[in-house]
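Here is the structure we will look at.
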Amino acid sequence: MARLFALVDCNNFYASCERVFQPALRGKPVVVLSNNDGCVIARSNEAKALGIDMGTPWHLYRGQFEEQGVIVRSSNYTLYGDMSARVMRILAGFTPDLEVYSIDEAFLDVAGIVDLEAHVRRLRATVLQWTGIPVSVGIAPTKVLAKVANRLAKKDPAAGGCRLLRDPDVQHEALQALGLGDLWGVAKRMATRLEAEGIRTPLELRAADPQLLRQRFGVVMQRLSQELRGVSCLPLELAVPDRKSVVASRSFGRPITAHADVEEAVASFVSRAAAKMRRQGLAAAHLITFIETNPFREQDKQYRAQRGLTLPVATADTATLITAAHAALSAIWRDGYRYKKAGVMLVDLVKASSVGSGLFDRPDDARSLARMKALDGLNMRFGRDTVTLGRTGLPRPWALRRDQLSQRFTTHWEELLAI
DNA sequence: TCTGGGGTCCTAGGACCC
DNA sequence: TCTGGGGTCCTAGGACCC
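For what it's worth, the numbering used here labels the leading residue of the first sequence as 14, then goes sequentially.
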């Protein structure tokens with residue numbers, strides 16, 4: 014059977030969440046601000062109609078917002094996360110084949126649904142009734158086209174919150190009305206590059222030579238073009254994969270110049286990120302600390318830097334990670350700058366259980382040291398999926414599965430033994 | 001002993017998304 | 001004085017090993 018994807022997207026999600034708990038906000042222009050009340054990250058339809066753009070810095074428009082009667086809310090991510098979970102649970106009741114794509118979007122497999130129109134009507138009504146959140150639905154044979162359909166469902170009041178792009182003629186007509194930048198996966202820079210190659214519209218992108226796209230723009234653009242033709246290249250991702258990185262970062266309320274202050278911030282970033290990582294049962298084999306000045310202050314000397322550091326053993330221990338993050342910070346620290354932002358990324362995440370199960374639970378543990386010493390001089394073979402240790406004191410070669418070790422871990426064996 | 005090519009790893013940066 | 005935070009994927013170039 015032909016594929017059919019439905020993209021369910023919550024309308025103006027953060028603004029809608031605020032309205033659920035404050036019905037007086039209905040019908041009024043509402044915007045939600047980012048951390049530190051920096052800029053606009055969500056707008057109700059009424060706010061959009063006033064011409065307020067995404068990312069508008071609040072401090073520049075504060076007065077104007079007041080004049081226009083725009084209601085401003087600081088963001089409340091705990092609330093939005095909770096509302097999101099409720100919406101997703103309801104959607105899961107409509108089909109088990111569901112991919113939660115973001116906090117406010119999900120792709121559903123609707124290929125087998127008989128009366129699609131009635132099904133979607135019921136879905137929208139249920140979500141609205143049980144959560145107070147309005148959603149739009151776009152349906153098409155590929156994810157990229159489902160995104161297009163969803164956009165039309167939102168923009169066109171006559172659509173009734175749902176658009177179907179199954180018929181090729183209808184797809185053609187829909188794409189004709191769009192610019193390149195309206196496509197999922199094409200932003201400003203890519204649009205400019207495509208235009209320079211003579212590809213100016215979604216229809217031209219759809220018709221472009223796949224080999225040329227692959228060569229000039231890479232595999233992502235080639236797939237996007239295929240998806241526009243109705244050839245599905247992006248499958249539904251049903252299983253939620255393990256996270257590959259966890260980031261904690263913040264802009265400082267005011268510029269910071271002292272090393273000690275940034276150290277303090279970095280320590281708190283690490284503990285936040287590590288806690289999040291532990292909740293997911295993961296450990297980090299690599300850590301990156303970064304700092305930067307305020308790029309908006311052109312009169313200031315600019316500096317940005319990051320430093321990565323491979324841990325001898327993947328770990329989820331906050332104290333170990335803080336030590337590493339501080340070492341990385343010292344390597345990139347320069348006096349004399351006004352730092353505006355800093356952060357820590359935990360990357361190369363592996364299952365914590367695989368780290369704890371084996372040889373090197375704790376590098377400073379005496380037994381671990383002895384084990385590592387015993388490994389010295391061993392015959393090591395790095396296979397595709399395994400690392401095999403031979404000889405000395407082992408009844409038979411000892412194979413460790415690579416996927417239970419981090420990549421960096423296995424290739425830095427010497428480093429490990431040097432501890 | 002010399003040479004070349006392939007594979008992998010690492011880092012940095014770009015681009016995009018919500 | 002004041003412009004978010006958290007992610008993913010891809011590419012390119014250099015180092016290194018076999």
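Glycine included, each C-beta is placed from N, C-alpha and C at the ideal position. This one's a predicted model, so the numbers in the text were calculated from it and none came from an experiment.
Is DSSP giving residue i helix, strand or coil here?
i    : result
E217 : helix
K160 : helix
G173 : coil
K353 : strand
Q319 : strand
A153 : strand
L407 : Interpretation of L407 is limited by its pLDDT of 39, a score under 50 that renders its predicted location unreliable; the figure taken from the coordinates is listed afterwards. L407: coil per DSSP, three-state reduction.
I84  : strand
D361 : strand
P325 : strand
V53  : strand
I103 : helix
V253 : coil
D66  : coil
R310 : coil
A8   : Past the edges of the chain, shown from 14 to 432, lies residue 8, and the structure says nothing about it.
V123 : coil
D182 : helix
R274 : Arg is not the amino acid found at residue 274; the sequence shown has Asp there. If DSSP states are grouped into helix, strand and coil, D274 belongs with the helices.
G266 : strand
C30  : helix
Work out the CA separation of residue j and residue i for me, nearest whole Å.
i    : j    : result
L216 : R242 : 9 Å
C30  : N163 : 20 Å
R256 : Q293 : 8 Å
V232 : M358 : 27 Å
L17  : K364 : 34 Å
T405 : G125 : Because the pLDDT of T405 is 39, which lies under 50, any placement of that residue in the model is unreliable, and the number read from its coordinates should be weighed accordingly. Looking at the two C-alpha atoms, the distance is approximately 60 Å.
V43  : A60  : 6 Å
Q239 : Q77  : 45 Å
P268 : G106 : 49 Å
Y90  : C52  : 15 Å
D222 : D361 : 36 Å
M14  : S258 : 37 Å
A204 : G68  : 20 Å
G266 : T214 : 42 Å
G198 : M234 : 8 Å
A220 : T139 : 40 Å
V279 : G356 : 6 Å
Q224 : R75  : 50 Å
V123 : S366 : 37 Å
H185 : L121 : 23 Å
V183 : P308 : 45 Å
T323 : L92  : 36 Å
Closer than 7 Å by C-beta to residue i: which residues in its own chain qualify, once you throw out the five before and the five after it? Chain order, please.
i    : result
T331 : V283, S284, A287
A344 : R320
N25  : A55, R56, S57, N58
P408 : For P408, the predicted model reports a pLDDT of 40, less than 50, meaning its position is unreliable; a value from the coordinates is still stated below. Hits under 7 Å: none found.
Flag this pair as yes or no: are the beta carbons of residue i and residue j separated by less than 8 Å?
i    : j    : result
S262 : K353 : no
L165 : A159 : no
L300 : A341 : yes
A2   : V45  : No answer is possible for residue 2: the residues shown for the chain start at 14 and end at 432.
Q315 : F303 : no
S281 : T155 : no
E276 : H339 : yes
T270 : R347 : no
V161 : L191 : yes
T336 : A297 : no
R137 : G174 : yes
Kindly give me the distance between the Cβ atoms of residue i and residue j, rounded to whole angstroms, as I take these residues to be in contact under 8 Å.
i    : j    : result
G151 : L20  : 5 Å
A119 : L129 : About 17 Å; that fails the 8 Å criterion.
L218 : L193 : 7 Å
T306 : R317 : 7 Å
S88  : N48  : 7 Å
L188 : V157 : That pair is no contact at about 10 Å.
E210 : R229 : 6 Å
Can you list, in chain order, the residues of its chain whose CB lies under 8 Å from that of residue i, leaving out five sequence neighbours each side?
i    : result
T144 : V33, M96, R99, V100, I103
I84  : L38, K41, P42, V43, V44
R236 : C246, L247
D66  : V53
Considering only residues of the same chain and omitting the five flanking positions on each side of residue i, which have a CB-CB separation below 6 Å?
i    : result
A23  : Checking the sequence, you will find Cys at residue 23 rather than Ala. Correct list, in chain order: D117, I146, V148.
L177 : I152
D416 : Confidence in D416 is poor, its pLDDT being 44 and thus under 50, which makes the residue's placement too unreliable to answer from.
P70  : C52
H132 : I126
R291 : A329
K167 : S149
G396 : Low confidence applies here, because G396 scores a pLDDT of 44, under 50, leaving its location unreliable; read the following figure in that light. Nothing listed; no residue qualifies.
Please determine whether the Cβ atom of residue i lies at a distance below 7 Å from any heavy atom of the ligand FMN.
i    : result
I152 : Questions concerning the ligand FMN fall outside what the structure shown contains, since it holds no ligand whatsoever.
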